[in-house]
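Asker: Read top to bottom, the protein sequences are chains A and B. For the first sequence, the numbering used here gives the first residue as 21, with consecutive numbering after it. For the second sequence, the numbering used here gives the first residue as 21, with consecutive numbering after it.
Protein chains: 2
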Amino acid sequence: MTRPDHSSPRDAGRAADVAEDGFLALQPWEPEDAAARAARKRTQIQRAAIGVFLQHGYAGTSIDDLAAAARISKQTLYKHFAGKEELFLAIISDTVGQVLDEFFESIDTRLDDTSDLEKDLHALASRFIRRIMRPELLALRRLVIGEVGRFPQIGEVWWRGGPARVTRELAPQLARLADKNELTLDDPVLAADHFNWLVLSVPLNAAMFQPGVHFTTAELDNYAAAGVRAFLAAYGPSARR
Amino acid sequence: MTRPDHSSPRDAGRAADVAEDGFLALQPWEPEDAAARAARKRTQIQRAAIGVFLQHGYAGTSIDDLAAAARISKQTLYKHFAGKEELFLAIISDTVGQVLDEFFESIDTRLDDTSDLEKDLHALASRFIRRIMRPELLALRRLVIGEVGRFPQIGEVWWRGGPARVTRELAPQLARLADKNELTLDDPVLAADHFNWLVLSVPLNAAMFQPGVHFTTAELDNYAAAGVRAFLAAYGPSARR
Numbered sequence: 021m022t023r024p025d026h027s028s029p030r031d032a033g034r035a036a037d038v039a040e041d042g043f044l045a046l047q048p049w050e051p052e053d054a055a056a057r058a059a060r061k062r063t064q065i066q067r068a069a070i071g072v073f074l075q076h077g078y079a080g081t082s083i084d085d086l087a088a089a090a091r092i093s094k095q096t097l098y099k100h101f102a103g104k105e106e107l108f109l110a111i112i113s114d115t116v117g118q119v120l121d122e123f124f125e126s127i128d129t130r131l132d133d134t135s136d137l138e139k140d141l142h143a144l145a146s147r148f149i150r151r152i153m154r155p156e157l158l159a160l161r162r163l164v165i166g167e168v169g170r171f172p173q174i175g176e177v178w179w180r181g182g183p184a185r186v187t188r189e190l191a192p193q194l195a196r197l198a199d200k201n202e203l204t205l206d207d208p209v210l211a212a213d214h215f216n217w218l219v220l221s222v223p224l225n226a227a228m229f230q231p232g233v234h235f236t237t238a239e240l241d242n243y244a245a246a247g248v249r250a251f252l253a254a255y256g257p258s259a260r261r
Numbered sequence: 021m022t023r024p025d026h027s028s029p030r031d032a033g034r035a036a037d038v039a040e041d042g043f044l045a046l047q048p049w050e051p052e053d054a055a056a057r058a059a060r061k062r063t064q065i066q067r068a069a070i071g072v073f074l075q076h077g078y079a080g081t082s083i084d085d086l087a088a089a090a091r092i093s094k095q096t097l098y099k100h101f102a103g104k105e106e107l108f109l110a111i112i113s114d115t116v117g118q119v120l121d122e123f124f125e126s127i128d129t130r131l132d133d134t135s136d137l138e139k140d141l142h143a144l145a146s147r148f149i150r151r152i153m154r155p156e157l158l159a160l161r162r163l164v165i166g167e168v169g170r171f172p173q174i175g176e177v178w179w180r181g182g183p184a185r186v187t188r189e190l191a192p193q194l195a196r197l198a199d200k201n202e203l204t205l206d207d208p209v210l211a212a213d214h215f216n217w218l219v220l221s222v223p224l225n226a227a228m229f230q231p232g233v234h235f236t237t238a239e240l241d242n243y244a245a246a247g248v249r250a251f252l253a254a255y256g257p258s259a260r261r
């Protein structure tokens, strides 16, 4: 039942590497290709699984559903994931990780060398809010929150890889800006939390309770700008602390 | 199968009014008592249902479960609620409504006559955060968010009765404070949103993803105080807007 799936555009260029199982068994042993192939297979399974989890919920999804969606056998699924929980945790960890990797890639250097802090914080906040407000990420966030009571580990993985990571990586950046008198703060962790939620909270909470709500990019930019203005009033160089 | 339940302490004083169904049928017609009795029955069913919904999730709860938990027949349940959705919507509406009714009861007069805005806003924020962080309300909030994708009306009722109501009732209060030069703001709705989330976001988001997390009253007060300080730095009389 195992069928290589070449349908993903990202894999199209590598289609030549992915032979039928039977044919591949006749090839010389190439450890890197095997690892790359396994990684690709895991990604393929995870991509197919997201849709199933979002449609049926975590509790309502069976291993049979997941194998069918990925067009593989249950045996093949179990070769890559110990079970439903490991697969779901991998989805959360990779999805949240990827969103924040992209986000943090660019901020290190920019904020340290800033000549216009409000402008650079606004640019950062806009990138941040647009990433977090992607519809699929919002749907996954709702699903995770809904399952936290019964499966606390799911929430823990989201929390550590998401909001807690934002605070952890942003706090030292803000502390360095305070060292240069660009900000005024006693508690960089609290300041990072306030930045995070001043920017995100209004549209994010609206979206948590209203799946049909849609914010334009301009609206999200306005929330980012308003959040940054409030943040700088509270933590800027001339803020009364 | 219909059995009056006198076990609620709140109903103890009225136990004499609540006779067996058969006996009640022989009493003279008393419309107020019948209405009061129906309201009490609805409350009793809702209280029993909260635990079932929290344990099994919305989708995982059946009418049979709900009737069994309330120790009534399905027929009796259907006399009071058209079905599972109406019962759940009543729970959300009443729970969120009650929390915010208690909260808003006291703020009207106090803020208008304030002689120490930071102190009064801090008292208000502390009361607010303690109410919102009640474990059962947090669990219900997680459940609602988790079901929003499949049952948008559930999220709509929470949103309108909860966060949107806070903004709606707080914004004119803040606008009046601005008229008296106690605050500096162009957009009372945005200012109310910022107040709300500056106070709540840190512990509330932590609790959404970590059911085991516990904040002491002192910790919640600190978040309230820090949120109010940041809010007043952004929107206080001497804020740069």
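Don't be surprised by glycine CBs; every beta carbon is placed ideally from N, CA and C. Bear in mind that the values here come from a model prediction, so they are computed numbers and not experimental data.
My understanding is that B:L109 touches B:Q173, with C-beta atoms under 8 Å, so please give their C-beta distance in whole angstroms.
Answerer: 7 Å
Asker: Could you tell me whether the region 214-231 of chain A touches the region 165-184 of chain B, where touching means 3 or more Cβ pairs closer than 8 Å?
Answerer: yes
Asker: The region 219-233 of chain B: which residues have C-beta closer than 8 Å to a C-beta of chain A, in chain order?
Answerer: S221, V222, N225, A226, M228, F229, Q230, P231, G232
Asker: If contact is defined by three or more beta carbon pairs under 8 Å, each pair taking one atom from either stretch, is the region 248-259 of chain A in contact with the region 148-157 of chain A?
Answerer: In the pairwise beta carbon analysis, the region 148-157 of chain A is classified as not touching the region 248-259 of chain A: fewer than three pairs are separated by under 8 Å.
Asker: Quick one: using the 10 Å Cβ neighbour count with 16 as the cut-off for buried, is B:T237 buried or exposed?
Answerer: exposed
Asker: Given 8 Å as the limit, is there contact between the region 181-199 of chain B and the region 208-215 of chain B, that is, 3 or more CB pairs closer than that?
Answerer: yes
Asker: Can you look up B:F148 in the DSSP assignment and give me helix, strand or coil?
Answerer: In the structure shown, B:F148 sits in a helix (DSSP, three-state: H, G or I).
Asker: Any Cβ of chain A within less than 8 Å of the Cβ of B:I165?
Answerer: yes
Asker: Tell me whether A:S221 sits in a helix, a strand or coil according to DSSP, three-state version.
Answerer: Note: A:S221 maps to helix in three-state DSSP.
Asker: Quick one: what's got a C-beta closer than 7 Å to A:D241's C-beta in the same chain, skipping five residues either side?
Answerer: So the qualifying residues of the chain are S146.
Asker: Quick one: is B:A55 buried, meaning 16 or more other Cβ sit within 10 Å of its Cβ, or exposed?
Answerer: Flag for B:A55 reads exposed.
Asker: What separation, rounded to the nearest whole angstrom, lies between the Cα atoms of A:L197 and A:F124?
Answerer: 16 Å
Asker: Could you name the residues of chain A that B:E176 contacts, counting a contact when the two beta carbons are closer than 8 Å?
Answerer: F229, Q230
Asker: Who are the near neighbours of B:N201 in its chain, counting only those whose CB is closer than 7 Å to its CB and skipping five residues on each side?
Answerer: P257
Asker: Tell me which residue opens and which closes the alpha helix (DSSP H) that A:S113 is part of.
Answerer: 104-125
Asker: Would you mind reading off the limits of the alpha helix (DSSP H) that contains B:E239?
Answerer: 237-255
Asker: What do you reckon, are the CB atoms on B:I165 and A:I83 nearer than 8 Å?
Answerer: Taking 8 Å as the Cβ cut-off, B:I165 and A:I83 do not qualify as a contacting pair.
Asker: Quick check on the burial criterion: 16 or more other C-beta atoms within 10 angstroms. Buried or exposed for A:R130?
Answerer: exposed
Asker: CB A:A90 to CB A:A69, shorter than 8 Å?
Answerer: yes
Asker: Whole angstroms is fine: what's the gap from B:Q118's alpha carbon to B:G181's?
Answerer: A direct Cα-Cα distance of roughly 10 Å separates B:Q118 from B:G181.
Asker: Assign B:A246 to one of two classes, buried (16 or more other C-beta atoms within 10 Å of its C-beta) or exposed (fewer than that).
Answerer: buried
Asker: B:R162 touches chain A at which residues, Cβ-Cβ below 8 Å?
Answerer: I165, G166, V168, G169
Asker: Using only CA atoms, which one of A:I65, A:V116, A:E167 lies nearest to B:R161?
Answerer: A:E167
Asker: Please list, in chain order, all residues of the same chain as B:T81 whose beta carbon is under 6 Å from its beta carbon, the five residues on each side excluded.
Answerer: V72, F73
Asker: Using 8 Å as the limit for Cβ to Cβ distance, is A:L210 near chain B?
Answerer: Yes, its Cβ sits closer than 8 Å to a Cβ of chain B.
Asker: Skipping 5 residues on each side, what residues in its chain have a beta carbon closer than 6 Å to that of A:T134?
Answerer: D140
Asker: Assuming the contact rule is C-beta atoms closer than 8 Å, A:L163 and A:Y78 should be a hit. Round their C-beta distance to whole Å, please.
Answerer: 6 Å
Asker: Kindly give me the distance between the Cβ atoms of B:I92 and B:I65, rounded to whole angstroms, as I take these residues to be in contact under 8 Å.
Answerer: 7 Å
Asker: Using 8 Å for Cβ pairs, my map puts A:V219 next to A:F148. What's the rounded Cβ distance?
Answerer: Taking the Cβ atoms as the reference, A:V219 lies roughly 6 Å from A:F148, within the contact range of under 8 Å.
Asker: Can you tell me which of B:R249, B:V233, B:L203, B:Y243 puts its alpha carbon nearest to the alpha carbon of B:D132?
Answerer: Ranking the options by Cα distance to B:D132, first place goes to B:L203.
Asker: What are the start and end residues of the alpha helix (DSSP H) that includes A:Q95?
Answerer: A:Q95 -> alpha helix (DSSP H) spans 94-100.
Asker: Check whether the Cβ atoms of A:N216 and A:T187 lie closer than 8 Å to each other.
Answerer: yes
Asker: Hey, out of A:F235, A:D207, A:H234, A:L86, whose CA is closest to B:K249's CA?
Answerer: Note on identity: in this sequence residue 249 of chain B is Arg, with Lys being the wrong assignment. Cα-wise, what sits closest to B:R249 is A:D207.
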